[in-house]
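Take 221 as the starting number for the sequence shown in my numbering and just add one per residue.
For each residue, glycine too, the CB sits at the ideal point set by N, CA and C.
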Amino acid sequence: MRRLLWLWCVILWVCLAGGVDGQVRHELPFPAIPGYETLKCDFHMHTVFSDGSVWPPVRVDEAWRVGLDAIAVTDHIEYQPHEEDVPTRHNRSYELAVGRARQCGVLLARGAEITRDTPPGHFNAIFLENVDPLETDDLVDVIKRANDQGAFVFWNHPGWKGPELGRWTDVHTQLYEKGWLHGIEVANGETYYPEAHRWCLEKQLTMMGNSDIHGPDLRLRNTAADHRTMTLVFVTERTLDGLKAALKAGRTAVWLQDRIIGRREWIEPLFYASLEVEPPHLRTNNALWVKMANGSAVDIRLENRGQLGPAELVLPADSVTLVRIAGRNLDGPLALPYTATNFLVAPDRSLDVTLRIPE
Ligand SMILES: [Zn+2]
Ligand SMILES: [Zn+2]
Numbered sequence: 221m222r223r224l225l226w227l228w229c230v231i232l233w234v235c236l237a238g239g240v241d242g243q244v245r246h247e248l249p250f251p252a253i254p255g256y257e258t259l260k261c262d263f264h265m266h267t268v269f270s271d272g273s274v275w276p277p278v279r280v281d282e283a284w285r286v287g288l289d290a291i292a293v294t295d296h297i298e299y300q301p302h303e304e305d306v307p308t309r310h311n312r313s314y315e316l317a318v319g320r321a322r323q324c325g326v327l328l329a330r331g332a333e334i335t336r337d338t339p340p341g342h343f344n345a346i347f348l349e350n351v352d353p354l355e356t357d358d359l360v361d362v363i364k365r366a367n368d369q370g371a372f373v374f375w376n377h378p379g380w381k382g383p384e385l386g387r388w389t390d391v392h393t394q395l396y397e398k399g400w401l402h403g404i405e406v407a408n409g410e411t412y413y414p415e416a417h418r419w420c421l422e423k424q425l426t427m428m429g430n431s432d433i434h435g436p437d438l439r440l441r442n443t444a445a446d447h448r449t450m451t452l453v454f455v456t457e458r459t460l461d462g463l464k465a466a467l468k469a470g471r472t473a474v475w476l477q478d479r480i481i482g483r484r485e486w487i488e489p490l491f492y493a494s495l496e497v498e499p500p501h502l503r504t505n506n507a508l509w510v511k512m513a514n515g516s517a518v519d520i521r522l523e524n525r526g527q528l529g530p531a532e533l534v535l536p537a538d539s540v541t542l543v544r545i546a547g548r549n550l551d552g553p554l555a556l557p558y559t560a561t562n563f564l565v566a567p568d569r570s571l572d573v574t575l576r577i578p579e
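Here it is, written out as structure tokens:
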């Protein structure tokens, strides 16, 4: 009898300990920048409650596993292809996922995708209190209702789809002038939208990069070579309020493939926080050897703008690279002008940097 009781205790313990407990998280080493913590975020994804193919808490498990800090589940309001099996309940994906998010310490924002023909296209509203009031015909009215709830609203994948894709129309101007449109996806999935990048720069809109994932995320981890497209958000506090404040203030960068895309104001400090150059450990008559550590999750690609140092340099993610600098009179600290070619401050412009080598 006691043995049976013991067995039941073990079974109960195994059941309670289910879910993601014990599942390994693969952290993404993006450093903090002066004054701000860097959160890795994906604010666009789907579940079975619209056209996705996973149950909502699975989105949280995936986020935890691949090193994300914050997500929003954003099912379509107007498109429910599974409705014969999964009833239309706009808040349900959030409600089903939020408990798991709390267990994992992943920040989960309640969101929805407002889905209209292009133009004007699709919009995400996140940090909503209730999705139901957004189910109404007039687009401007929908976006107003989202704003009445204090939501952050961004235009999704502006180059998708239809003959007038990627066109800034009167509706966009109207939403923008009312202050109801806060950002644009500069990247969605594997696609980059240079026009959207330009609009964000011109109009002080927040740059977003998201996965828009519909199927399960099959990655065990995100790597420099293969990762989810995501938004890096520079926050003063790791809470939903901190996240919303940072997004409304435009403090973001986008990680797409091997590129970091953003305003110079944010990607320049991210670059310098990622790079650590030690004093040279060997000097000879005509060269010095120095270790350069890249503490971020993205490879850093450099092109020389000066005379001294290699013409090109790649500093792999989360690694230390040995660099030889040839030349005479290499005494004292050096400042080498380079361009970080995969850090984009505009569609056709990369970030100029200085590699400072201490004495
Ligand atoms: Zn969409
Ligand atoms: Zn979507």
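For Ile-545, the secondary structure class from DSSP, reduced to helix, strand or coil, is strand. By the criterion of at least three beta-carbon pairs nearer than 8 Å, the stretch 458 to 478 is not in contact with the stretch 541 to 557. The beta carbons of Ile-346 and Phe-263 sit closer together than 8 Å.
Pairing Ala-560 with Ser-570 gives a Cβ-Cβ distance under 8 Å. Counting C-beta atoms within 10 angstroms of its own C-beta, Ser-516 has 16 or more neighbours from the protein chains shown and is therefore classed as buried. The DSSP assignment places 479 to 482, 495 to 497, 507 to 514 as complete runs of the beta strand (DSSP E) inside the stretch 474 to 522, in order along the chain (cut-off: 3 residues). The beta carbon of Ala-292 sits closer than 6 Å to the beta carbons of Phe-263, Ala-329, Gly-331, Ile-346 from its chain, once the five residues preceding and following it are set aside; these are given in chain order. Boundaries of the alpha helix (DSSP H) harbouring His-417: 414 to 423, taken from the DSSP string. In this structure Glu-405 is buried. Its beta-carbon is surrounded by 16 or more other beta-carbon atoms within 10 angstroms.
C-alpha of Trp-284 to C-alpha of Cys-324: approximately 7 Å in a straight line. Under the Cβ criterion (8 Å, minimum of three pairs), the stretch 337 to 346 counts as touching the stretch 368 to 376. Taking a C-beta distance under 8 Å as the contact criterion, Leu-288 and Val-244 do not qualify as a contact pair. Three or more Cβ pairs drawn from the stretch 518 to 537 and the stretch 486 to 504 lie within less than 8 Å of each other, which places the two stretches in contact. Distance between Asp-437 and Arg-544, taken at the CA atoms: about 40 Å. Per the coordinates, the alpha-carbon of Thr-574 lies some 18 Å from the alpha-carbon of Pro-254. Within the same chain, Gly-435 come within 6 Å of Ser-273 by CB-CB distance, once the 5 residues on both sides are set aside.
When secondary structure is reduced to three states using DSSP, Ser-431 falls in the coil class, being assigned neither helix nor strand. Gln-477 places its beta carbon less than 8 Å from that of Glu-410.
Under the three-state reduction of DSSP output, Gly-287 falls in the coil class, being neither helix nor strand.
Check the Cα spacing between Gly-482 and each of Asn-442, Tyr-413, Leu-395, Val-540: the tightest is with Tyr-413.
Arg-330: member of the beta strand (DSSP E) spanning 327 to 335, first to last residue. Within the model, the alpha-carbon separation for Pro-489 versus Arg-309 is close to 42 Å.
Using a cutoff of 7 Å, the CB of Glu-333 counts as near ligand 1, since one of the ligand's heavy atoms is closer than that. In the three-state reduction of the DSSP assignment, Val-306 falls in the coil class, being assigned neither a helical nor a strand state.
Across the structure, Pro-567 and Pro-530 are spaced so that their CA atoms are roughly 26 Å apart. In terms of Cβ geometry, Val-362 and Ile-334 form a close pair [threshold 8 Å]. Those residues whose C-beta sits under 5 Å from the nearest heavy atom of ligand 1 are, from N- to C-terminal order along the chain, His-342, Asn-376.
In terms of Cα proximity to Ala-407, the closest of Ile-480, Leu-440, Asp-352 is Ile-480. Looking from the CA of Asp-572, the closest CA among Ala-537, Arg-525, Leu-542 belongs to Arg-525. About 6 Å separates the beta carbon of Arg-441 from that of Val-286, a gap short enough to meet the 8 Å contact definition.
Residue burial annotation: Trp-509 is exposed, with fewer than 16 other C-beta atoms found within 10 angstroms of its C-beta. With 16 or more neighbouring CB atoms inside 10 Å of its own CB, His-402 falls in the buried class.
For Ser-273, no alpha helix (DSSP H) run applies, since DSSP gives it neither H nor E.
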